[in-house]
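One structure below.
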Amino acid sequence: MNPLLNRRHFLRSATALIALPALESLGFRRFVSAASTATARPKRAIFLNFGWGVTNETWFPDVNVTGANYTLPPGLAPLARHQSGFTVIQGLTNKFNDAPHWGSTFWLTGANRFAEPGQSLHNSISVDQVAAAALGTGTRFTSIQLTSPTKDDGHGPGLSLSWNSRGKPIAGLDNPVLAFHRLFSAETAPLSERQAMLQQKRSVLDAVLTEANDLQRGLTKTDTDKLDEYFQSVRDIETRLSKDEQWLTIPKPTVRLSEPKEGLAGREEIRVMYDIMVAALQTDSTRVFTYRQPVTTLMQSLDIKVAPHDMSHYTPGAKMEASQQRDAAQSELLAGLLDKLKATKEPDGTSLFDHTVLAYGSNIRTVHSLDNCPTVIAGGGAGLRLGHHMVLPKNTPLCNVWLTLLQGIGIDVAQHGDSTGILTELKA
Amino acid sequence: MRSPKPTAAALHQTPGPFAPEPRRASLHPAPKILRAILAACAFLPLHPAHLGAAEAPHVSLDEKHRAFLKDYCVECHNADKQKGKLRLDSVAFTLNSVQSADLWQRVLHQVNSGEMPPDDAKQPERGAKTDFLDALSGTLMAARRNLADVGGNITMRRLNRREYRNTIRALLGVETDVRDLPADGGADTFDTVGASLFLSPDQFEQYLLLGRRALDEHFARWVPASAPIPVEPAKANPSAKPAPANRVEGEARTPGLQRELTRMHEDHAKYALWQANGSKTEDLAKFGCRKDLDAAKFVEYCWQINHEWYERYLARPEVQTGMFLDNTVNFNETFVIDLPTEMAPGDYVFHVRIGRVPDMPAERAFVSFLQASPLDKSDLTFLASRHVTADIQQPEILQFPFRILPGGARKFIFMEKRPLKGVGISLGGFTRMIKDPKQRDPVLWIDWIEWHKADTSPSVSPIVFDRTGDISEKEHARAIFRAFALRAFRGQQPTTAFIDKLTALFASRRAAGDSFENALKEPLSVVLASPRFLYLAEPGVEKKPRPLTDTEFATRLSYFLWSAPPDETLLSLAQKNALHDPSVLAREVDRMIADPKADEFVSGFVHQWLGMDRLDFFQFDPRKFRDFDESTRAAARTEVFETFAYLLRNNRSLSQLLKSDTVVINALLARYYGIEDVSGDAFRPVRVAEGSPRGGLLGMAAVLAMGSNGERSSPVERGAWVLRKLLNEPPPAAPPNVPMITRLNGQALTTRERLLAHQEEPQCASCHRKIDPIGFGLENFDAAGKWREEDSFQATDPAGKPIPRGLKKWKIDPVAAFHKGPEFQSYFEMRDIVAGKAPAFARGFTEQLIAYSLGRPFGFTDEELARSILQQAQGKNFALREFVHALVASKEFRLK
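As structure tokens, then:
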């Protein structure tokens, strides 16, 4: 079987399509119409993760007070003005994760790293990519991954929170300037030049595929699987090129956001990344974001002198204070993001907040504990019950939340990761 | 991509070969037995069946533990009840599948976290629970390792970042900033393990981009048709008197300081006058002081703490012809060089003429060289440190290589060695910390600083050659592509269709108006993003290992020992089929190890093998560890690499890493260790005195600092490291969900008393009874690896405030015993016991070396290989090169 036949076929037809005005078959029309009429607003999803867990004593609400009338603990207190707009869930776990410093590797996947004999790290598709496959067809960018510039921030292996359908890591943009340019930078070259550029990129891909196909013929199965990553990479760029082609004549949106300063780090970096997210969702440039947030630079920007890993192993005193300070700073930033989502109006008068589902948390609870993953769900996008504190039975799969979320945004999947079913109590 | 933030990694010309890599390095004839093995390998038919035929060792939990399950688990987890859908009455004790391992992992988690047996059920006795957990976690580790076995299969691997950088350098003669590529490697593996080296979708474009940049530079530097890049800046740093464009005179600093002092005196006079006239706040402005009281007071304060220093500085005659570096004030008082923005990116060298004043404290003879971020001047990157040995009367010229990247930093700083980041220390704080005026007086004098263009890259011939004969331009381009692809693909032929497509790409660029040379670049960069370049591809057939071709073998060898492609010598031997000759191969391996390129193997392998990334985890508090600054940390890291390189190149015994009478150090580390008579920056072997704690990994500052949190020593980290790296008895990784012991917080206890709490809880004791005692034996070293006889602890309340009478001081008690092993009275006795376990150490080392070189995790399939390597090495008293020779000569190393 030659997967390239399909690819070529698709490429040819995509190239043919560019000459024609009819692009609706590729979902293009949906975007254009959505922007002009008051049809149902698109669903958006945001996943935010931090490494190194939280301060156990002061981040979780009292397990004895569930429901709507619970008191926000200090770690979540900066979110008070949004209390009716989010739900805190306790009792969730990724049962396979056994690496006490991996806060994000399996967070959105629920995979068993040992599932493939002969591999030290196996992973599977992350929930955002499942969502992107459905939500991202009509937008310029299928999904956008943002990530911390520091290699190890208590996140574990990976290049962002996202893992593709083959369980391979997807790279993330690790600085706000880069993210801004990717999303909003205006194309300055004339159309004909850009068309020629696209054509040249295609020729480049075509050339390397010739080589890859020839190489593949002599390889063993494992090596073929390895080379498949290369094919996948090229296919991915082809898909992107096809999308670029569809969007060639449509200028990138102008946003009320100036180009970020170089060298932003920590608190400012996160804040600007959040601004970029809001602007991108508002202009429907993409509908799915993941952000593997920085911890090291955040702590530096807060002038915390404790090393991040050390902070996570806090004892009362400076380290615990550092941990609490970090919790609060993150909650404050999140509150700012929720403010903006609420303040951003959709054409039909509703807000971006109403159509976005946001998950915020980590696979690490605290220190080395991987049970009761800190989890906050916000936004009206998935029709989930907000304003509550839920304490689920111990070791409820975190993937049950992801499954509920996926179904809530209208994606018909029966399972994700190690999910055992949806959480009916989480549905509004 | 990162915003440009050059680090020392960008440099590669420093005195030690290992110095530049901060995060984020004698010929003997082959022994007879090696020749015999090589001969067998080369001339006898291979029996592929030998490979992959290894039986998985049987991994099971000892049946005696069934009683434990029966007593505490089966009541709820049996055929009828199956709580949590788990049955343990008939569970298999053999862990031979992912499923069975997962099931037992679950059991381990539950018992570890204390959830099982439940509180209201019968609880196991402590000792029984400890033994059960110990056995189960050990069995699980063995099972996971079994299940990870790849049956001798070597997965085709992508060039990792180090290899990519070195390969581009070899091909094009230029340096690449590989931080633009995603980090390599998966979990717990080397960056050479193919299965864990992914290619993420964006990466392809990064390769195109990096390849294009490298080609641009190659064309600019090596292709004659192009203009040479401008070398010297048009404008110089402004200076008091005319100086060469690339030079700063030291005395240029003096007028500024003079002005500053004059101003300070004036301010002080005004303040004094104001004080003499009633000290009324509203009068401040009248007397010419700052009108805000606090600001005025601050100005006066600055005068108080600084004016004497200024006066003493300016009173020295040498400041008329140069400048002093000082030790006391803030960074403004260091020597800052702001290079002009129009200076072209590239490699340069500072030449600094420097000398020391007579009778100065010897520990102050070091200068640090830093780079400041263009965006944030307090964001400093340590680049290098140097030992100043010359007298002020006859200064010496020290060289500091540096690199300017496009958009990168152009601000460089010289200062007397000291901690970079004064955690929580105010401007004057450093000054006040140094009570002894002799320590405050400047001692290092700089005459001038110059900078010159450096050419540090290896010379390469241009990849573009002249048109010969009567061929068209297109044919000419085609020939260039073919020749380049053949080299880039390490001897593998590119397909004709590929070259056709490159030529078409060239033609279209040419038609679009590009020059001949520019039109070549795009297709050439495609070569550098092609799979045959990016992957070390060795075609093969499933389950039928075949011998590598000579060129493939040369490539594998070269990436093992150099992390770079083969050079001409190695390639020509391969082309002559000479590498089958055991003596030729042995000679070649010795040549490669002697070559500086083998430093890449040393640093790449050793860094990962010994888990040295931990050295950068913590920032050491300069108030407590003023000596353990960035310079010392870098030197400590280099010591580990230099020691290994020394043993390797001189074919000394691996066991010298456990204990040795020789250390490989430079002046800076000698000073740190209190070893006399070592001068200069080069690392060299130095005999240590009888009874010195140094000599071997256990006495190295880097290893000891890794076993700390930057503040206190950690017997746990150190003990676990020794078990894992030296004794080859790795404890399980820290398990998830085991609660921390917090009840001792706020109590004034010794480290040892605190850690004894580990023995109370079975889930702690099962590992810590092995780990902690070893750590106790290393307690004579503080967090930064200095010898100590005493330690202390200040207890704090929950708010972090010191508790009155909460200070505990104690004399270090290193007496402990290995778990089920011998007792030791001191660090020295413990080190001797560890040194007696050279075979275990060699075994662990061999496994790691196999994994690194073959690019696959060590598995049971490699058991025979490990045994034969060990046998050969042991016969030679574990001489380090013997491991390499045996490995390279093995059939596994020659098979795809």
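Protein chains in written order, with numbering that gives the first Met the number 0: chain V, 0 to 427; chain W, 0 to 895.
Cβ atoms here follow ideal geometry from the backbone N, Cα and C, with glycine treated the same way.
| query | result |
| --- | --- |
| Measuring alpha carbon to alpha carbon, tell me which residue in W:VAL351, W:GLU299 and W:ARG880 is nearest VAL651 of chain W. | At residue 651 of chain W the sequence reads Arg, which differs from the Val that was named. Among W:VAL351, W:GLU299 and W:ARG880, the Cα nearest to that of ARG651 of chain W belongs to W:ARG880. |
| GLU204 of chain W versus chain V: which residues are under 8 Å apart at the beta carbon? | ILE236 |
| Does the Cβ of ILE802 of chain W have 16 or more other Cβ atoms within 10 Å, making it buried, or fewer, making it exposed? | exposed |
| Which residue comes first and which comes last in the alpha helix (DSSP H) that contains ASN145 of chain W? | 125 to 146 |
| By a C-beta neighbour count over all protein chains shown, 10 Å radius and 16 as the cutoff for buried, is ARG364 of chain V buried or exposed? | buried |
| Of the residues that make up the region 688 to 720 of chain W, which ones have a beta carbon closer than 9 Å to any beta carbon in chain V? | ASN708, GLY709 and GLU710 |
| Does DSSP put GLY109 of chain V in a helix, in a strand, or in coil? | coil |
| Would you mind sorting VAL955 of chain W into buried or exposed? The rule is 16 or more other CB atoms within 10 Å of its CB. | Because chain W spans 0 through 895 in this model, residue 955 of chain W falls outside it and cannot be assessed. |
| Any C-beta of chain V sitting closer than 9 Å to the C-beta of GLY806 of chain W? | One detail in the question is off: residue 806 of chain W reads as Leu in this sequence, not Gly. Not an interface residue. |
| Use the C-beta contact count for PHE352 of chain V: other C-beta atoms within 10 angstroms, 16 or more gives buried, fewer gives exposed. | buried |
| Step through the CB atoms of chain V and report whether any lies within less than 9 Å of the CB of HIS108 of chain W. | yes |
| Between which two residues does the beta strand (DSSP E) containing ALA358 of chain V stretch? | 355 to 360 |
| Tell me which residue opens and which closes the beta strand (DSSP E) that MET414 of chain W is part of. | 410 to 415 |
| Here's the rule I'm using: 16 or more other beta-carbon atoms within 10 Å means buried, otherwise exposed. How should ARG670 of chain W be labelled? | buried |
| Using DSSP bridges, identify the partner residues of GLN370 of chain W. | W:THR380 and W:PHE411 |
| Could you check whether VAL177 of chain W and LEU208 of chain W sit closer than 9 Å to each other, using their CB atoms as the reference points? | no |
| Going by DSSP, what residue range makes up the beta strand (DSSP E) through LYS242 of chain V? | No beta strand (DSSP E) contains LYS242 of chain V, which is instead part of the alpha helix (DSSP H) from 220 to 245. |
| Closest Cβ-Cβ distance between ALA885 of chain W and chain V: below 9 Å? | no |
| Considering only the beta carbon of each residue, do LEU806 of chain W and GLN793 of chain W sit closer than 9 Å? | yes |
| Should PRO117 of chain W be labelled buried (16 or more other beta-carbon atoms within 10 Å of its own) or exposed? | exposed |
| Check the Cβ of ALA528 of chain W against every Cβ in chain V and list those closer than 7 Å, keeping chain order. | VAL207 |
| Could you check where the beta strand (DSSP E) with GLN89 of chain V kicks off and where it finishes? | 85 to 92 |
| Report the residue from W:THR280, W:LYS416, W:LEU292 and W:GLN392 whose alpha carbon sits nearest the alpha carbon of ASP325 of chain W. | W:LYS416 |
| Counting only beta-carbon separations shorter than 9 Å, does ALA733 of chain W have a partner in chain V? | yes |
| Between which two residues does the beta strand (DSSP E) holding VAL335 of chain W run? | 334 to 337 |
| Hey, how far is the Cα of GLY90 of chain V from the Cα of VAL64 of chain V? | 14 Å |
| Let me know the secondary structure DSSP gives ILE275 of chain V once reduced to three states. | helix |
| Using three-state DSSP, classify VAL62 of chain V as helix, strand or coil. | coil |
| Between GLN618 of chain W and chain V, is any beta-carbon pair separated by less than 9 Å? | yes |
| Three or more C-beta pairs closer than 8 Å, one from the region 587 to 603 of chain W and one from the region 337 to 353 of chain W: is that the case here? | no |
| Give a yes or no on whether the minimum CB-CB distance between SER460 of chain W and chain V is below 9 Å. | no |
| With respect to the alpha helix (DSSP H) encompassing THR550 of chain W, which residues constitute its N-terminal and C-terminal limits? | 549 to 560 |
| May I ask you to report which of helix, strand or coil DSSP gives ASN165 of chain W? | helix |
| For the region 97 to 111 of chain V, which residues have a beta carbon sitting closer than 9 Å to at least one beta carbon of chain W? | ASP97, ALA98, PRO99, HIS100, TRP101, THR104 and ASN111 |
| On the DSSP bridge list, what partners appear for MET389 of chain V? | V:ILE88 |
| Short of 7 Å Cβ to Cβ, which residues in the region 211 to 226 of chain V face chain W? | ALA211, ASP213, LEU214, GLY217, LEU218, THR219, LYS220, THR221, ASP222, LYS225 and LEU226 |
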